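Visitor:
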Amino acid sequence: MEGLAIRASRPSVFCSTPGLGGDSHRKPPSDGFLKLPASSIAAENRKLVANSASFHPISAVNVSAHASLTADFPALSETILKEGRINGKEKAENIVWHESSICRCDRQQLLQQKGCVVWITGLSGSGKSTVACALSKALFEKGKLTYTLDGDNVRHGLNRDLTFKTEDRTENIRRIGEVAKLFADVGVICIASLISPYRRDRDACRSLLPEGDFVEVFMDVPLHVCESRDPKGLYKLARAGKIKGFTGIDDPYEAPVNCEVVLKHTGDEDSCSPRQMAENIITYLQNKGYLEG
1 MEGLAIRASR PSVFCSTPGL GGDSHRKPPS DGFLKLPASS IAAENRKLVA
51 NSASFHPISA VNVSAHASLT ADFPALSETI LKEGRINGKE KAENIVWHES
101 SICRCDRQQL LQQKGCVVWI TGLSGSGKST VACALSKALF EKGKLTYTLD
151 GDNVRHGLNR DLTFKTEDRT ENIRRIGEVA KLFADVGVIC IASLISPYRR
201 DRDACRSLLP EGDFVEVFMD VPLHVCESRD PKGLYKLARA GKIKGFTGID
251 DPYEAPVNCE VVLKHTGDED SCSPRQMAEN IITYLQNKGY LEG
């Protein structure tokens with residue numbers, strides 16, 4: 001044997017190995033093989049290779065966008081998830097739910113509250129984020145642990161790759177619903193504040209949680225009131241045609257049919273104040289036992 005040739009699955013990567021004739025300044029072989037002269041291989045290294053139970057010849061690999069370890073090493077396929085597409089929607093196989101030694105009831109007992117999701121929906125400018133902040137503060141003052149998932153805030157990180165197209169809005173809601181579900185499982189009162197204009201998407205999030213743990217709050221504020229507020233200047237841009245598919249202008253908002261709490265705009269400053277609206281939600285949570293361990 002004049003030398004040992006090892007086929008690299010990625011020919012463009014060249015590694016120099018001290019003692020094996022490597023030269024850090026040499027270019028990688030054009031044929032994709034790393035050639036190791038037999039004369040430069042130490043006797044103990046040859047013995048190690050010969051006796052290694054884990055050594056197997058590496059065959060030539062046709063590298064493509066779908067190449068994976070499991071394609072070349074079938075023994076690894078039992079521990080690596082198999083998916084039809086890398087970023088596709090097909091469900092991964094060979095995954096098993098791992099139960100925790102600490103259950104939800106244990107965490108709720110520790111926090112002295114019950115986890116749930118308060119989903120605040122309504123038009124842009126209806127006051128969702130303002131009420132969410134007031135609710136979080138009021139519950140904090142009562143010694144209750146909350147976390148708010150604001151629609152805009154989540155788009156800065158988790159959902160930064162999504163647009164405002166219909167399919168992306170659906171995915172935006174789905175992801176937030178899954179995260180909210182995790183918070184509720186911890187025992188936290190999760191407040192989700194986002195337009196979420198389509199009933200089917202909100203209903204899909206509701207279906208993720210046990211019955212009663214999804215508290216849908218509808219900010220029932222007329223379009224003309226929201227537009228007159230226009231805190232972000234979005235209605236003005238939508239009316240000028242600079243924003244397409246804007247909810248309430250050229251994209252529909254589907255109001256809840258059977259939500260748990262309705263916060264209706266009456267024009268009265270006292271009854272429509274963020275604090276009072278938050279108290280209305282707290283009253284519902286208290287009556288349903290969510291503020292007790």
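Taking the UniProt record's numbering, the leading residue of the sequence shown gets 1, the next gets one more, and so forth.
Where a beta carbon is used, it is the ideal one built from N, C-alpha and C, also for glycine.
None of these values were measured; they are calculated from a predicted model.
Between the segment 247–258 and the segment 196–211, can you find at least three pairs of beta-carbon atoms closer than 8 Å?
Guide: Segments in contact, yes.
Visitor: Residues in the same chain with beta-carbon distance under 7 Å from T283, minus the five sequence neighbours each way, listed in chain order, please.
Guide: Taken in chain order, the list of residues that qualify is empty.
Visitor: DSSP state of R85, grouped into three classes?
Guide: Per-residue confidence for R85 stands at a pLDDT of 47, beneath the threshold of 50, marking its modelled position as unreliable; the derived number appears in the next sentence. Here R85 sits in coil by DSSP.
Visitor: Do M219 and S136 count as a contact pair if the criterion is CB distance below 9 Å?
Guide: No, these two residues do not count as a Cβ contact at 9 Å.
Visitor: Is it buried or exposed, D72, if we count other Cβ atoms within 10 angstroms and call 16 or more buried?
Guide: Residue placement at D72 is flagged as unreliable, the pLDDT there being 42, under the threshold of 50; a coordinate-derived value is accordingly withheld.
Visitor: Hey, how far is the Cα of T148 from the Cα of V118?
Guide: Going from the Cα of T148 to the Cα of V118 covers about 9 Å.
Visitor: Which term fits L285, buried or exposed, when burial requires 16 or more other beta carbons within 10 angstroms of its beta carbon?
Guide: Counting Cβ neighbours within 10 Å, L285 comes out buried, since at least 16 surround it.
Visitor: Would you identify the three-state DSSP class for P274, choosing helix, strand or coil?
Guide: Three-state DSSP puts P274 in a helix.
Visitor: Let me know the alpha helix (DSSP H) ranges lying completely inside the segment 102–135, each 4 residues or longer, listed in chain order.
Guide: DSSP runs (the alpha helix (DSSP H)) wholly in the segment 102–135: 104–111.
Visitor: Taking DSSP as the reference, what is the three-state secondary structure of T283?
Guide: Of the three classes helix, strand and coil, the one that applies to T283 here is helix, per DSSP.
Visitor: Would you mind reading off the limits of the alpha helix (DSSP H) that contains K181?
Guide: Start and end: T166 to V186.
Visitor: Let me check one thing: in DSSP terms, what residues is C226 bridge-paired to?
Guide: Partner(s): none; C226 has no beta bridge.
Visitor: Assign K142 to one of three DSSP states: helix, strand, or coil.
Guide: Coil.
Visitor: With a threshold of 16 other CB atoms inside 10 Å of the CB of G289, please say whether the residue is buried or exposed.
Guide: Result: exposed.
Visitor: Mapping the DSSP letters down to three states, classify D203 as helix, strand or coil.
Guide: It is helical.
Visitor: What are the partner residues of L218, as DSSP defines its beta bridges?
Guide: In the sequence as presented, Leu is not what sits at residue 218; that position holds Phe. DSSP lists T121 and V262 as partners of F218.
Visitor: Which stretch, first to last residue, makes up the alpha helix (DSSP H) that contains A192?
Guide: Segment I189 to S193 is the beta strand (DSSP E) holding A192; no alpha helix (DSSP H) there.
Visitor: Are Q113 and G187 touching if we call contact CB-CB under 9 Å?
Guide: Taking 9 Å as the Cβ cut-off, Q113 and G187 qualify as a contacting pair.
Visitor: Please classify A190: is it buried, with 16 or more other beta-carbons within 10 angstroms of its beta-carbon, or exposed?
Guide: First, the residue type needs correcting, since residue 190 is Cys and not Ala in the sequence shown. C190 is buried by the Cβ-count criterion.
Visitor: Return the chain-ordered list of same chain residues with a C-beta closer than 8 Å to the C-beta of R239, the five sequence neighbours on each side being excluded.
Guide: So the qualifying residues of the chain are I249.
Visitor: Helix, strand or coil: which one does DSSP assign to Y235?
Guide: If DSSP states are grouped into helix, strand and coil, Y235 belongs with the helices.
Visitor: Just to confirm my understanding: we take R175, look at its own chain, exclude 5 residues before and 5 after, and list those with CB closer than 7 Å. What are they?
Guide: Around R175: L158 and N159.
Visitor: Evaluate L139 with the Cβ neighbour count: other Cβ atoms within 10 Å of its Cβ, from every protein chain shown; 16 or more gives buried, anything less gives exposed.
Guide: Classification for L139: buried.
Visitor: Expressed to the nearest angstrom, what Euclidean distance is found between the alpha-carbon atoms of G177 and G151?
Guide: If you take the alpha carbons of G177 and G151, they lie about 11 Å apart.
Visitor: According to DSSP, is D152 part of a helix, a strand, or is it coil?
Guide: Helix at D152.
Visitor: Relative to the C-alpha of K181, which candidate in P231, L162, G233 and R206 has its C-alpha closest?
Guide: Considering only alpha carbons, the answer is R206.
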